[in-house]
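Under UniProt numbering, residues 1 to 466 are what the sequence shown spells out, in order.
Notes for the one structure printed next.
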Amino acid sequence: MEKLLIVDDDSDIRKQLKWGLGKEYDVLFACDGGEALSLFKKHNPKVITLDLGLPPDEDGMEEGFRCLKEILRHVPAAKVIVITGNDGRSNALRAVQLGAYDYYQKPIDMNELKVIINRAFYLLDIEEENNRLQTALEHNGTGFGGIIGHCPQMLQVFSTIRKVASSDIAVFVTGESGTGKELVARALHTMSLRNEGPFIPINCGAIPENLLESELFGAEKGAFTGAHARVQGKAEYAHKGTLFLDEIGELPGNLQVKLLRFLQEKVLQRVGGREDIAVDARIISATNIDISKAIQEGIFREDLYYRIAVININLPPLRERGDDIVLLANLFLKRSTEEFNKKVKGFSTGTINLLESHRWPGNVRELENRVQRAVIMSDSLLLEPDDLGFTDMPLQQQIPVADVVTLKDARDRVEREMIIYALERQEGNIAKAAEALGVSRPTFYDLMKKYNLNKLSALQAKQAQL
Ligand SMILES: Nc1ncnc2c1ncn2[C@@H]1O[C@H](COP(=O)(O)OP(=O)(O)OP(=O)(O)O)[C@@H](O)[C@H]1O
Ligand SMILES: [Mg+2]
Numbered sequence: 001m002e003k004l005l006i007v008d009d010d011s012d013i014r015k016q017l018k019w020g021l022g023k024e025y026d027v028l029f030a031c032d033g034g035e036a037l038s039l040f041k042k043h044n045p046k047v048i049t050l051d052l053g054l055p056p057d058e059d060g061m062e063e064g065f066r067c068l069k070e071i072l073r074h075v076p077a078a079k080v081i082v083i084t085g086n087d088g089r090s091n092a093l094r095a096v097q098l099g100a101y102d103y104y105q106k107p108i109d110m111n112e113l114k115v116i117i118n119r120a121f122y123l124l125d126i127e128e129e130n131n132r133l134q135t136a137l138e139h140n141g142t143g144f145g146g147i148i149g150h151c152p153q154m155l156q157v158f159s160t161i162r163k164v165a166s167s168d169i170a171v172f173v174t175g176e177s178g179t180g181k182e183l184v185a186r187a188l189h190t191m192s193l194r195n196e197g198p199f200i201p202i203n204c205g206a207i208p209e210n211l212l213e214s215e216l217f218g219a220e221k222g223a224f225t226g227a228h229a230r231v232q233g234k235a236e237y238a239h240k241g242t243l244f245l246d247e248i249g250e251l252p253g254n255l256q257v258k259l260l261r262f263l264q265e266k267v268l269q270r271v272g273g274r275e276d277i278a279v280d281a282r283i284i285s286a287t288n289i290d291i292s293k294a295i296q297e298g299i300f301r302e303d304l305y306y307r308i309a310v311i312n313i314n315l316p317p318l319r320e321r322g323d324d325i326v327l328l329a330n331l332f333l334k335r336s337t338e339e340f341n342k343k344v345k346g347f348s349t350g351t352i353n354l355l356e357s358h359r360w361p362g363n364v365r366e367l368e369n370r371v372q373r374a375v376i377m378s379d380s381l382l383l384e385p386d387d388l389g390f391t392d393m394p395l396q397q398q399i400p401v402a403d404v405v406t407l408k409d410a411r412d413r414v415e416r417e418m419i420i421y422a423l424e425r426q427e428g429n430i431a432k433a434a435e436a437l438g439v440s441r442p443t444f445y446d447l448m449k450k451y452n453l454n455k456l457s458a459l460q461a462k463q464a465q466l
């Protein structure tokens, strides 16, 4: 229950208010200014009703005003509702000028006063929510919780984060490797009501299966060889905070069952323990595998999926984010030049073309690494295509084999990659790229058309003009 402080020297009125408000609020009573201030400092109520005519000055209002000023000096956001006698209008206005939230004239009509009090609490909620979002944003510098993006897909992501951050809804973040899933999980935590609690990540894919259960749920002393002392698991540490289950698609079947039980009952048992330990944690999970396929194949439990994925936030691959690529590249460039004290100022046109046409299998992380490396290595003002270091990467790394189904698919995939690769190496010069692949220029053009690589040719044309 919310705390409400009532300051009035009239015991009948205190009784009336206790009777009228005691069910909805945790009501504290004070009969004079001194008691009011000490209760205020001790219990920190956010809404206060304050009778202005307080002893020792029941007829003047000075004690009431003093009390009002003192409360607001401590907590400017406190909502003080000033109660005056029926001739107290000018005092009421003076109180509002001093920062009182509202005023109410006696005699008291319980229903009316309740409306004013409820509205004060409602406004407080909104103000607190605003402050939280504001500090969350400031805390993380530019962009949305540190996540940079202007393309429509990312704006959609931000809007979803904003909608679900403050509830305890389980969020499932999906996207290719390096698309920012962990960043989103942290933003959700920072913008939540739990942001003073811990954010505890656990990577279900990186921990050997036999250790994962005790990592997650803890273990009693002697639970297994090597368990010399009782250990708390990550889930227990996340109490009052957020538990981030990264790569949840890798969770072995037996632990899926245990996690499901934990999510349903909000209690866990340490390995080798019998005691039920209650844990209140918000669950955010992430994966870069195709979870619906894993469910179809019986590798991932469908019932668990519905528990962890009440809301799904899917992060688009970097190559589909349009101008965000260059935006992010510039951000990483700025960060790196500051960090390494380099004089690099930007990207050459050829490099920008390359940034826009690369398929970025490692997404934002790859971009960040490449730009950082380029800044460290370069001694010139503009980064050139070679600085991005694509050429020394084996071609196979750029082709995800997992989602290739047929041999024809694979061939097409390789063919497409080869064309992009050749164009990259030749900095967009089609004649040279065709020659490098041992095909005629018309054939090369046909292939570009087949693989919908118009953008590249357009960029090439632009480059030729410059
Ligand atoms: N939109 C973005 N704006 C700024 N930085 C970003 C953005 N997206 C990702 N990053 C940065 O890219 C790197 C990778 O992000 P993150 O670790 O969140 O990706 P991930 O999806 O969890 O990757 P993985 O699947 O490999 O675990 C981090 O350094 C992160 O700060
Ligand atoms: Mg991650």
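We put the CB at the ideal spot given by N, CA and C, even for glycine.
Source: prediction; values computed, not measured.
Please find out if some non-hydrogen atom of ligand 2 comes closer than 8 angstroms to the beta-carbon of residue i.
i, result
"residue 206", "no"
"residue 182", "yes"
"residue 187", "no"
"residue 246", "yes"
Rounded to the nearest angstrom, how far is the Cβ of residue i from that of residue j, given a contact under 8 angstroms?
i, j, result
"residue 278", "residue 266", "6 angstroms"
"residue 84", "residue 106", "7 angstroms"
"residue 235", "residue 268", "6 angstroms"
"residue 41", "residue 27", "Not confirmed; about 17 angstroms, so no contact."
"residue 408", "residue 286", "Contact doesn't hold; Cβ gap of about 33 angstroms is too wide."
"residue 95", "residue 82", "4 angstroms"
Which of the three DSSP states is assigned to residue i in this structure?
i, result
"residue 30", "strand"
"residue 225", "coil"
"residue 346", "strand"
"residue 383", "strand"
"residue 479", "Nothing about residue 479 can be read from this structure; the chain reaches only from 1 to 466."
"residue 442", "helix"
"residue 166", "coil"
"residue 2", "coil"
"residue 238", "coil"
"residue 359", "coil"
"residue 185", "helix"
"residue 279", "coil"
"residue 10", "coil"
"residue 460", "Residue placement at residue 460 is poorly supported in this model, since its pLDDT is 49, which falls under 50; the coordinates still yield a value, given next. Looking at residue 460 - three-state DSSP - the assignment turns out to be helix."
"residue 285", "strand"
"residue 246", "strand"
"residue 467", "In this structure the chain extends from 1 to 466, so residue 467 is not present and cannot be described."
"residue 210", "helix"
"residue 138", "Residue confidence for residue 138 is low, a pLDDT of 49 falling below 50, so the modelled location carries little weight and cannot support an answer."
Tell me whether residue i, by its Cβ, gets closer than 8 angstroms to a heavy atom of ligand 1.
i, result
"residue 365", "yes"
"residue 179", "yes"
"residue 249", "no"
"residue 288", "yes"
"residue 176", "yes"
"residue 222", "no"
"residue 99", "no"
"residue 149", "yes"
"residue 368", "yes"
"residue 211", "no"
"residue 448", "no"
"residue 322", "no"
"residue 383", "no"
"residue 146", "yes"
"residue 243", "no"
"residue 191", "no"
"residue 315", "yes"
contact_flag[the stretch 239-248, the stretch 281-300] where n(CB pairs < 8 angstroms) is 3 or more: Short answer: they touch.
Whole runs of the alpha helix (DSSP H) within the stretch 289-313, excluding any shorter than 4 residues: 291-296 and 302-308
Ranges of the alpha helix (DSSP H) found wholly within the stretch 32-119, counting only runs of at least 4: Runs of the alpha helix (DSSP H) inside the stretch 32-119: 33-43, 62-74 and 89-98.
Validate contact between the stretch 188-197 and the stretch 216-231 using beta carbons, cut 8 angstroms, 3 pairs: no
The stretch 371-383 in contact with the stretch 406-423 per 3-pair CB rule at 8 angstroms: no
Validate contact between the stretch 13-33 and the stretch 98-113 using beta carbons, cut 8 angstroms, 3 pairs: yes
Three CB pairs or more closer than 8 angstroms across the stretch 255-263 and the stretch 142-155: no
Three or more C-beta pairs below 8 angstroms linking the stretch 312-320 and the stretch 196-212: no
At least 3 beta-carbon pairs within less than 8 angstroms: the stretch 166-180 vs the stretch 343-357: no
The stretch 335-344 contacting the stretch 301-308, beta-carbon criterion three pairs below 8 angstroms: Contact between the stretch 335-344 and the stretch 301-308 is absent, because fewer than three Cβ pairs lie under 8 angstroms.
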